[in-house]
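Following: one structure in structure tokens, then a few remarks.
Residue numbers (my numbering): 8 to 933.
Here it is as structure tokens:
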């Protein structure tokens with residue numbers, strides 16, 4: 008029987024069925040249905056990523072048809088049956104099967120797009136119970152995903168059509184590592200109960216809105232803000248730099264911290280905040296800022312590297328001459344002599360543009376004061392780092408600030424930096440009221456960090472036997488108005504620019520240069536993807552010049568254990584690049600044969616090409632302390648509490664770290680209660696970046712598990728060879744001679760509530776780099792190689808990627824399903840970088856102008872997992888997050904050359920650029 012609920016006052020009532028319940032909503036006929044469902048009807052499972060119908064995350068069913076609820080008024084639902092993700096299981100025939108399949112097959116990563124995907128899929132299966140793969144792609148094609156690469160979503164929908172597969176949670180002791188366990192936080196992602204940054208705030212929370220610079224560079228003067236605020240109904244306060252009790256400064260790298268919360272007197276990029284209006288939600292949403300008391304003096308901006316490096320250029324920061332933020336350098340051998348003696352030398356210049364992270368969840372947070380503590384609930388990749396920065400801004404001790412990470416709807420590096428957290432924290436500090444803020448898609452794209460544009464020059468030489476002899480590399484990176492991770496990029500790039508090859512003579516320099524554009528920061532690879540685009544095309548040219556197979560050339564030069572890297576580091580065990588390249592051989596030969604046959608029979612304007620590219624990537628920080636700490640304890644009820652502070656942004660760290668800990672301790676994973684990231688409850692596990700969580704935090708979890716096992720056995724007076732079994736309220740210990748049971752209820756607890764506890768820290772062993780970049784910058788490297796098969800219409804310049812085969816050395820595959828998901832998602836982002844994605848500051852500040860790959864753009868991905876175990880990593884594991892993206896773009900670009908004979912040296916390789924290159928090549932021939 009349907010129930011009936013009325014929400015709001017009695018005017019302009021709209022009635023409809025919501026997940027089987029008849030509801031009446033008053034006073035909101037013109038409001039977006041997404042807003043009504045989320046805020047008035049308290050069902051936040053429907054997500055909002057753009058408010059423009061671009062992303063599809065807000066998809067709901069109206070009378071069985073999928074619609075974007077952000078483009079649908081409440082009035083349009085009058086008399087209809089509306090179904091959201093929360094009602095999918097009981098309102099559709101396929102809903103429960105979709106939940107099972109999405110969970111079992113890893114189709115939900117961060118989970119922000121999952122409601123839209125599942126709702127769209129449910130509508131399809133209602134009408135077409137046995138769809139084809141193409142029909143699935145067509146049905147969910149209106150929903151964007153930035154994490155998964157779509158392949159597991161397609162597989163999950165097809166699986167649900169065939170009955171669905173129950174998710175697996177391994178219960179057996181010692182069987183967690185290596186198992187395809189469904190993500191432990193996955194159920195919340197597929198049933199709509201997951202809480203993201205825009206969810207979970209108190210209903211009476213105030214709303215905040217920033218006043219921002221409309222210019223790339225400008226001076227400004229604020230007028231009588233207090234008088235203006237008094238004239239605005241519902242506005243409680245306007246905050247500026249004068250209201251900051253601590254320092255008006257933050258940054259991810261302490262010595263380079265340079266970004267103000269609110270600009271003072273001048274702004275350095277379009278969108279920089281100068282003030283914050285805080286008030287009732289209805290007042291802020293209706294606020295007209297055209298009369299805000301600020302006067303602007305537009306100044307000439309420096310937007311490009313050429314402008315910033317011009318001898319007459321003004322300084323973005325007075326204390327940084329030449330607009331140079333910092334530089335990095337690695338030198339080994341005598342590169343000039345080596346290149347002079349090389350049989351063949353190839354050189355080239357390459358350019359890459361800004362790339363937007365384009366996660367489907369815009370930045371969101373809410374804050375409140377609890378006693379003397381300011382609590383901030385937010386989507387972040389770095390809770391402890393954010394806490395420490397916010398404490399300085401608020402003028403408080405670190406323990407007076409608490410960061411509670413929500414689920415993160417995609418991060419990829421940009422949610423490391425502070426964005427709106429200082430705004431809500433300051434507002435809650437001053438007003439003693441809960442305050443929330445959600446960036447619009449425009450704000451998110453306009454103001455948050457991007458992948459660094461790069462201008463790269465490379466010269467490399469080879470002898471006739473195919474052995475690389477030397478490389479000279481230089482790169483300038485546009486780091487934008489503020490430092491962010493510019494120093495990290497400048498230092499990491501020279502270490503990696505040789506690629507995963509033995510290079511006896513080498514010189515690499517990278518510089519981070521300031522301009523008046525949005526800051527560039529961390530984005531899945533810290534400059535290494537840009538570097539790989541240059542190095543791998545140069546290596547292709549070298550192989551072709553000496554008449555050597557391109558894959559064999561890479562195999563011949565691949566690094567091996569006991570060889571020395573360009574930083575002088577002697578590699579130990581776990582160097583899997585050779586195995587990755589060898590694993591591609593059969594696929595390479597097949598792809599070349601197929602391309603030859605197709606090119607023979609195809610129309611002249613259609614060409615096939617095959618490309619390959621390889622990568623290496625140091626896991627963790629470059630020659631810097633990089634610790635993670637894990638705390639765990641046995642409780643009186645016989646369960647284990649695991650405190651791990653690594654933020655899961657969709658990559659699966661909550662699950663992987665628990666798998667590692669369970670097997671190290673020797674208990675079934677179902678006995679563990681996970682306490683995930685919260686600065687008040689979990690130790691610092693560092694940032695979720697640099698492919699470090701599986702490796703670094705995972706190793707801390709392994710050590711903590713082994714230590715807790717040791718402590719339990721010691722407490723029971725049993726030796727290392729003994730075994731134990733946990734029960735409700737007790738533990739049984741068996742040493743092979745006798746067994747006994749300990750009643751845990753009789754034991755005393757420590758301050759955390761544990762009867763036995765352990766805490767362990769792991770910091771990877773590295774050494775500093777000297778003035779020539781010599782040292783051991785990383786304890787572990789990940790390796791990989793991708794093969795790209797493409798088809799190109801040379802008349803249109805349009806490229807279609809047919810297949811990517813990706814071989815990755817992961818050390819030990821802790822959870823193969825999650826690793827495959829990382830690879831497939833990385834491939835999709837690499838494809839976007841290669842072919843379509845470029846952010847132009849001041850333009851394309853939405854998801855219909857800034858294009859990311861859709862489900863129709865991403866090809867089949869064949870993942871090959873190589874397990875060349877690291878002697879340092881947990882159970883031999885390495886990271887894979889960044890590694891998955893790096894080789895895709897250069898492999899595609901090499902395939903374009905294979906198909907057409909032209910090199911695309913400025914990416915993305917848009918149809919216009921490809922056609923221009925083809926026309927230029929034709930003109931040279933004539």
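Think of the CB as a built atom: it goes at the ideal place given N, C-alpha and C, for glycine as much as any other residue.
Fair warning: this is a prediction, and the values are worked out from it, not measured in the lab.
Problem set entry | Residue range of the beta strand (DSSP E) that includes residue 299 | That residue, residue 299, is in no beta strand (DSSP E); it is neither H nor E in DSSP.
For this session: Following the continuous alpha helix (DSSP H) through residue 870, name the residue where it begins and the one where it ends.
Result: Per DSSP, residue 870 belongs to no alpha helix (DSSP H); it is in the beta strand (DSSP E), 867-873.
Problem set entry | Segments of 4+ residues assigned as alpha helix (DSSP H) that fall wholly inside the segment 677-736 | 705-722
Exercise. Taking three-plus beta-carbon pairs below 8 Å as touching, is the segment 778-792 in contact with the segment 879-888?
Worked result: Result yes; three or more Cβ-Cβ pairs closer than 8 Å.
Problem set entry | Cross-strand partners of residue 1 (DSSP beta bridge) | The question about residue 1 has no answer here: the residues shown for the chain are numbered 8 through 933.
Exercise. Considering only residues of the same chain and omitting the five flanking positions on each side of residue 338, which have a CB-CB separation below 6 Å?
Worked result: Excluding residues within five positions, the ones whose Cβ falls inside 6 Å are 514 and 779.
Exercise. What does a CB cutoff of less than 8 Å around residue 17 pick up in its chain, not counting 5 residues either side in sequence?
Worked result: With a pLDDT of only 47 at residue 17, under the threshold of 50, the placement of this residue in the model should not be trusted; the figure read from the coordinates follows. Apart from sequence neighbours up to five positions away, the residues of its chain that approach residue 17 with a beta-carbon distance below 8 Å are 33, ordered along the chain.
For this session: Would you grab the beta carbon distance between residue 21 and residue 84 for me? Rounded to a whole angstrom, and I think it's under 8 Å.
Result: 7 Å
Exercise. Can you check whether the CB of residue 587 is closer than 7 Å to the CB of residue 905?
Worked result: The answer is no: Cβ separation not under 7 Å.
For this session: Kindly indicate the opening and closing residues of the beta strand (DSSP E) around residue 602.
Result: Careful: residue 602 lies outside any beta strand (DSSP E), inside the alpha helix (DSSP H) at 592-608.
Exercise. Leaving out the 5 sequence neighbours to the left and right, which residues in its chain are closer than 6 Å to residue 913 when beta-carbon positions are compared?
Worked result: 358
Exercise. Roughly how far, in whole angstroms, is the beta-carbon of residue 935 from the beta-carbon of residue 177, given that I think they are within contact range, below 8 Å?
Worked result: No answer is possible for residue 935: the residues shown for the chain start at 8 and end at 933.
Exercise. Touching or not, the segment 439-453 and the segment 840-857, by the rule of three or more beta carbon pairs under 8 Å?
Worked result: The segment 439-453 vs the segment 840-857: in contact.
Problem set entry | Secondary structure, alpha helix (DSSP H): runs of 4+ residues fully inside the segment 437-505 | 448-454 and 493-503
For this session: State the Cα-Cα distance for the pair residue 827 and residue 219, rounded to the nearest angstrom.
Result: 41 Å
For this session: Pull up the distance between the alpha-carbon of residue 500 and that of residue 537, whole angstroms please.
Result: The alpha-carbon atoms of residue 500 and residue 537 are separated by roughly 9 Å.
Problem set entry | Check whether residue 185 and residue 93 have beta carbons under 7 Å apart | Not a contact, by the Cβ cut-off of 7 Å.
Exercise. Is it the case that the Cβ atoms of residue 635 and residue 533 are separated by a distance below 7 Å?
Worked result: no
For this session: Return the bridge partner residues of residue 613 from the DSSP annotation.
Result: 800
For this session: Jot down the residue ranges of each uninterrupted beta strand (DSSP E) in the segment 229-292, minimum 3 residues, whole runs only, in chain order.
Result: 242-246 and 280-286
Exercise. Counting along the chain, where does the alpha helix (DSSP H) carrying residue 198 start and finish?
Worked result: Unbroken alpha helix (DSSP H) run through residue 198: 193-198.
Exercise. Helix, strand or coil: which one does DSSP assign to residue 8?
Worked result: Per-residue confidence for residue 8 stands at a pLDDT of 33, beneath the threshold of 50, marking its modelled position as unreliable; the derived number appears in the next sentence. Under the three-state reduction of DSSP output, residue 8 falls in the coil class, being neither helix nor strand.
For this session: For residue 357, verify whether its CB is less than 6 Å away from any heavy atom of the ligand FAD.
Result: The ligand FAD is not part of the structure shown, which contains no ligands of any sort.
Exercise. Alpha carbon to alpha carbon, how far is residue 62 from residue 121?
Worked result: Taking the straight line joining both Cα atoms gives about 12 Å.
For this session: Only counting runs of 3 or more residues, tell me where the beta strand (DSSP E) segments fall wholly within the segment 64-136, in order along the chain.
Result: Complete beta strand (DSSP E) runs here, min 3: 66-69, 72-75 and 88-90.
For this session: Determine the closest residue to residue 670 out of 705, 696 and 651, with distance taken between C-alpha atoms.
Result: 705
For this session: Determine the contact status of residue 527 and residue 571, defining contact as a CB-CB distance below 7 Å.
Result: no
For this session: Could you check what DSSP says for residue 223 in three-state terms: helix, strand or coil?
Result: coil
For this session: Output yes or no for whether 7 Å exceeds the beta carbon distance between residue 216 and residue 304.
Result: No. Outside cutoff.
Exercise. Is DSSP giving residue 907 helix, strand or coil here?
Worked result: Residue state, collapsed to three classes: helix.
Problem set entry | Buried versus exposed call for residue 773 [16 or more other C-beta atoms within 10 Å across all chains shown] | buried
Exercise. Anyone know if the C-beta pair for residue 159 and residue 113 falls short of 7 Å?
Worked result: In contact: residue 159 and residue 113 (Cβ atoms closer than 7 Å).
Problem set entry | N- and C-terminal bounds of the alpha helix (DSSP H) containing residue 536 | 535-552
For this session: Classify residue 45 as buried or exposed, calling it buried when 16 or more other Cβ atoms lie within 10 Å of its own Cβ.
Result: buried
Exercise. If we count the other Cβ atoms within 10 Å of its Cβ and call it buried at 16 or more, is residue 196 buried or exposed?
Worked result: buried
Exercise. Can the beta-carbon of residue 797 be found less than 7 Å from the beta-carbon of residue 616?
Worked result: yes
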